[in-house]
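The structure appears right after this line, and notes come after that.
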Amino acid sequence: MKVFVAGVGMTKFDKIGTNGLTYPQMVAEAVGNALADAGITYDQVQRAAVGYVFQPSAAGQRALYEVGMTGIPVVNVNNNCATGSTALLLAREWVQTGLADIVLAVGFEQMTKDSMSGTASGVTTIDNHIGIMVPKYGWAQAPMTAQFFGHAANEHMQRHATTVEQLASVAVKNHEHSTRNPLAQFQRPYTLAEVLADKPVHGPLTRSQCSPMSDGAAAAVLVSERFAQENAVEILAQSLVTDTSSAFDSGSMIDVVGAPMTRQAAQEVFGSAGVTVSDVDVIELHDCFSINEIITYEALGLCAEGKGGHLAESGATTYGGQWVVNPSGGLISKGHPLGATGLAQCAELTWQLRGQAGDRQVPGARLGLAHNLGLGGACVVTLYGKGMQ
18 MKVFVAGVGM TKFDKIGTNG LTYPQMVAEA VGNALADAGI TYDQVQRAAV GYVFQPSAAG
78 QRALYEVGMT GIPVVNVNNN CATGSTALLL AREWVQTGLA DIVLAVGFEQ MTKDSMSGTA
138 SGVTTIDNHI GIMVPKYGWA QAPMTAQFFG HAANEHMQRH ATTVEQLASV AVKNHEHSTR
198 NPLAQFQRPY TLAEVLADKP VHGPLTRSQC SPMSDGAAAA VLVSERFAQE NAVEILAQSL
258 VTDTSSAFDS GSMIDVVGAP MTRQAAQEVF GSAGVTVSDV DVIELHDCFS INEIITYEAL
318 GLCAEGKGGH LAESGATTYG GQWVVNPSGG LISKGHPLGA TGLAQCAELT WQLRGQAGDR
378 QVPGARLGLA HNLGLGGACV VTLYGKGMQ
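When the letters of the sequence shown are read in order and numbered with our numbering, they come out as residues 18 to 406.
This is how it looks when you write it as structure tokens:
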């Protein structure tokens, strides 16, 4: 059974603690926008999947009480940074299997500095990742995820002669894209020199190459074909994978931060849809750090292994190139409220495929790809098509 995105909505993504909103208020805004976009009222929604990482148990119910109390099943989802796309996948499966015709997928986050501090002590969800990193590199006074990706960046530079300028060019591109997005947390361009001279975070990564802590919410209304309207966008294929032993057997930090998951999920999606990455027009991918955009280019098949740095500086992934990658500004510039990110990607690609993305519109976009990654581990790749046009 075909599944369509009938409506999307999101809040502006903001620096933590600055928007003056509670998480139920953010969810109400995003869901209200998605319902209005779909031309559907909340009492027509039959099920809801609500994703978040740092809020308490059953926060999904509390968030949706702000929208309405209709007694529908609400399932809370937590899959680290891939939470939003995991909620979307669950909602898609409900429609695809005939359990419901109209469902809601929601993601949100109200983050704090404490929630992102991270330690290497006790049992964690990323023990295997730490077990590869710490014996080789030790533990530094830097955010834990920045350490993982900083070491992956160093490894990529050593193995493939990737340069600091190529890493920084990812941030330059995505910050420039965000100047066209009024919902992005950052909306100013950076020069290559500014990115390179920015505050060091870990390894070759500077602050403007790292996604910020953000507050925000996003939502999508998914429907079966009989409820799809003219501007609905079809979910053509979707894959959720988790780590296999190959992520840790090699001792490679590039593998530890999710390249094998991305590769597998992409292969499954392209195989299911019968297309290749060359057919795709616009991509929203998980650039939590600049190096991850480069790693993801290679894992998705945009270029050969080791050539991601060259692709980043070539212009092939911005307007006028073969693909436009992260027209929203990506996580680096749009912001990264963990639970909302995957659904913000869904919103951006829906607008792009409808031709409603304003100044950041990718001309003639017909196929869009989303990549949402969570360490510890989950990766969701989703292919969208123009659908009911």
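Glycine is no exception: its CB is placed at the ideal position from the N, C-alpha and C atoms.
>> For serine 262, report the span of its beta strand (DSSP E) as first-last.
In response: Within the sequence shown, residue 262 is the residue found at index 245, counting from 1. For serine 262, there is no enclosing beta strand (DSSP E), as DSSP marks it with neither H nor E.
> Is proline 277 helix, strand or coil by DSSP?
Replying inline: Position 260 of the sequence shown, counted from the start, is the residue given in the question as residue 277. The answer is helix: DSSP assigns proline 277 an H, G or I state.
>> Going by DSSP, what residue range makes up the alpha helix (DSSP H) through valine 44?
In response: Locating residue 44 in the sequence shown gives position 27, counting from the first residue. Where valine 44 is concerned, the enclosing alpha helix (DSSP H) stretches over 40-55.
> Ends of the beta strand (DSSP E) at phenylalanine 21?
Replying inline: Translated into positions along the sequence shown, residue 21 becomes position 4. According to the DSSP assignment, phenylalanine 21 belongs to the beta strand (DSSP E) that extends over 20-27.
> Within the chosen definition, does the stretch 96-105 reach the stretch 206-221 through at least 3 CB pairs nearer than 8 Å?
Replying inline: No, because fewer than three Cβ pairs between the stretch 96-105 and the stretch 206-221 fall closer than 8 Å, the two stretches do not touch.
> Cα-Cα, which of Val250, Ala237 and Arg280 is closest to leucine 257?
Replying inline: Along the sequence shown, one-based indexing puts residue 257 at 240. Among Val250, Ala237 and Arg280, the Cα nearest to that of leucine 257 is on Arg280.
> DSSP state of glycine 155, grouped into three classes?
Replying inline: What you label residue 155 is simply residue 138 of the sequence shown in a count that begins at 1. Coil.
> Between which two residues does the beta strand (DSSP E) harbouring cysteine 363 extend?
Replying inline: In the sequence shown, residue 363 corresponds to position 346, counting from 1. Looking at the DSSP string, cysteine 363 is not in any beta strand (DSSP E); the run it does join, the alpha helix (DSSP H), is 358-371.
> Since tyrosine 401 and glycine 391 are thought to touch, with beta carbons under 8 Å apart, how far apart are those beta carbons, to the nearest angstrom?
Replying inline: On the sequence shown, position 384 is the one that residue 401 refers to. On the sequence shown, position 374 is the one that residue 391 refers to. Rounded, the Cβ-Cβ distance is 20 Å, inconsistent with contact.
>> For lysine 351, count the other beta carbons within 10 Å of its own beta carbon; 16 or more makes it buried, fewer makes it exposed. Which is it?
In response: Within the sequence shown, residue 351 is the residue found at index 334, counting from 1. So lysine 351 ends up on the buried side.
> Does any heavy atom of the ligand COA sit closer than 7 Å to the C-beta of serine 256?
Replying inline: No copy of the ligand COA occurs in the structure displayed, which carries no ligand at all.
> Which stretch, first to last residue, makes up the alpha helix (DSSP H) that contains glycine 347?
Replying inline: Taking the sequence shown and counting its residues from 1, the one referred to as residue 347 is at position 330. Its alpha helix (DSSP H) spans residues 347-351.
> Using 8 Å as the Cβ pair cut-off and three pairs as the minimum, do the stretch 191-199 and the stretch 227-241 touch?
Replying inline: Contact between the stretch 191-199 and the stretch 227-241 is absent: fewer than three C-beta pairs spanning the two stretches fall below 8 Å.
> Mind checking alanine 178: buried by the 16 CB within 10 Å criterion, or exposed?
Replying inline: Mapped onto the sequence shown, residue 178 falls at position 161. By the 10 Å Cβ count, alanine 178 comes out exposed.
> Is leucine 239 closer than 8 Å to phenylalanine 21 when the C-beta atoms are compared?
Replying inline: In the sequence shown, the residue the question calls residue 21 occupies position 4. In the sequence shown, the residue the question calls residue 239 occupies position 222. With respect to leucine 239, phenylalanine 21 sits close: the two C-beta atoms are nearer than 8 Å.
>> Using the three-state DSSP reduction, which class does serine 228 fall into: helix, strand or coil?
In response: Here residue 228 refers to the residue found at position 211 of the sequence shown. Correct three-state label for serine 228: coil.
>> For a test of the three-state rule: what should DSSP assign to aspartate 410, helix, strand or coil?
In response: The chain is shown only over 18 to 406; residue 410 falls outside these bounds and no answer can be derived.
>> Cutting at 8 Å between CB atoms, please list the residues of its own chain near isoleucine 311, excluding the five before and the five after it.
In response: Indexing the sequence shown from 1 puts residue 311 at position 294. Closer than 8 Å at Cβ, skipping near neighbours: His173, Thr179, Gln183, Leu184, Val187, Gly325, Gly326, Leu328 and Ala329.
>> Counting C-beta neighbours from all protein chains within 10 Å, is the total for glycine 77 16 or more, i.e. buried, or is it exposed?
In response: Taking the sequence shown and counting its residues from 1, the one referred to as residue 77 is at position 60. A residue is called buried when at least 16 other Cβ atoms come within 10 angstroms of its Cβ; glycine 77 meets this threshold and is buried.
>> I need the boundaries of the alpha helix (DSSP H) containing glycine 326, first residue and last residue.
In response: Mapped onto the sequence shown, residue 326 falls at position 309. Its alpha helix (DSSP H) spans residues 325-331.
> What do you get for glutamine 406, buried or exposed, if any count of 16 or more other CB atoms within 10 angstroms of its CB means buried?
Replying inline: Reading the sequence shown from its first residue, position 389 is the one you call residue 406. Confidence in glutamine 406 is poor, its pLDDT being 44 and thus under 50, which makes the residue's placement too unreliable to answer from.
> Of all the alpha helix (DSSP H) runs that stay within the bounds of the stretch 186-253, which reach a length of 4 or more residues?
Replying inline: If we require 4 residues or more, the alpha helix (DSSP H) runs fully inside the stretch 186-253 come out as 209-214.
>> Suppose contacts are defined by Cβ-Cβ distances below 8 Å. Is glutamate 126 in contact with phenylalanine 71 by that definition?
In response: Locating residue 126 in the sequence shown gives position 109, where the first residue counts as 1. Locating residue 71 in the sequence shown gives position 54, where the first residue counts as 1. Yes, the Cβ-Cβ distance between glutamate 126 and phenylalanine 71 is below 8 Å.
> In terms of alpha-carbon separation, which member of Gln61, Lys190, Leu38 and Ala80 lies closest to glycine 337?
Replying inline: Along the sequence shown, one-based indexing puts residue 337 at 320. The shortest C-alpha to C-alpha distance from glycine 337 to any of Gln61, Lys190, Leu38 and Ala80 is the one to Lys190.
>> Need the endpoints of the beta strand (DSSP E) that glutamate 322 sits in, please.
In response: Translated into positions along the sequence shown, residue 322 becomes position 305. Per DSSP, glutamate 322 belongs to no beta strand (DSSP E) and is neither H nor E.
> Measuring CB to CB, does glycine 356 end up less than 8 Å from tyrosine 69?
Replying inline: Taking the first residue of the sequence shown as 1, we reach residue 356 at position 339. Taking the first residue of the sequence shown as 1, we reach residue 69 at position 52. Closer than 8 Å, so yes.
> Any idea which residues DSSP pairs valine 92 with across the strands?
Replying inline: For the purposes of this step, residue 92 is identified with residue 75 of the sequence shown, where counting begins at 1. In the DSSP output, where bridge partners are listed per residue, valine 92 has Ala66.
> Closest to phenylalanine 165 by CA distance: which of Pro344, Val274, Val84 and Gly101 is it?
Replying inline: To locate residue 165, count along the sequence shown from 1; it is residue 148. When each option's Cα is compared against that of phenylalanine 165, the closest is Val274.
> In this structure, does DSSP put alanine 137 in helix, strand or coil?
Replying inline: As a working mapping, residue 137 is identified with position 120 in the sequence shown. Confidence at alanine 137 is low in this model, with a pLDDT of 49, below 50, so its placement is unreliable and the value that follows should be read with caution. Here alanine 137 sits in coil by DSSP.
> Cα separation between glutamine 362 and alanine 387?
Replying inline: Position 345 of the sequence shown, counted from the start, is the residue given in the question as residue 362. Position 370 of the sequence shown, counted from the start, is the residue given in the question as residue 387. Roughly 6 Å separates the two Cα atoms.
> When the Cα of alanine 47 is compared with those of Lys19, Pro344 and Leu81, which residue comes out closest?
Replying inline: Walking along the sequence shown from the start, residue 47 turns up at place 30. Comparing Cα positions, the closest option is Leu81.
> Looking only at C-alpha atoms, which of Val112, Pro90, Leu121 and Gly26 sits nearest to alanine 75?
Replying inline: Working through the sequence shown from its first residue, we reach residue 75 at position 58. In terms of Cα proximity to alanine 75, the closest of Val112, Pro90, Leu121 and Gly26 is Pro90.
> If you compare alpha carbons, which of Gly37, Gly288 and Gln158 is closest to histidine 219?
Replying inline: Position 202 of the sequence shown, counting from 1, holds the residue named residue 219. The residue among Gly37, Gly288 and Gln158 with its C-alpha nearest the C-alpha of histidine 219 is Gln158.
> So the alpha helix (DSSP H) glycine 167 belongs to, where does it begin and stop?
Replying inline: Your numbering for residue 167 matches position 150 in the sequence shown. Where glycine 167 is concerned, the enclosing alpha helix (DSSP H) stretches over 161-177.
>> Would alanine 283 and leucine 253 be called neighbours here (beta carbons separated by less than 8 Å)?
In response: Mapped onto the sequence shown, residue 283 falls at position 266. Mapped onto the sequence shown, residue 253 falls at position 236. No, the Cβ-Cβ distance between alanine 283 and leucine 253 is not below 8 Å.
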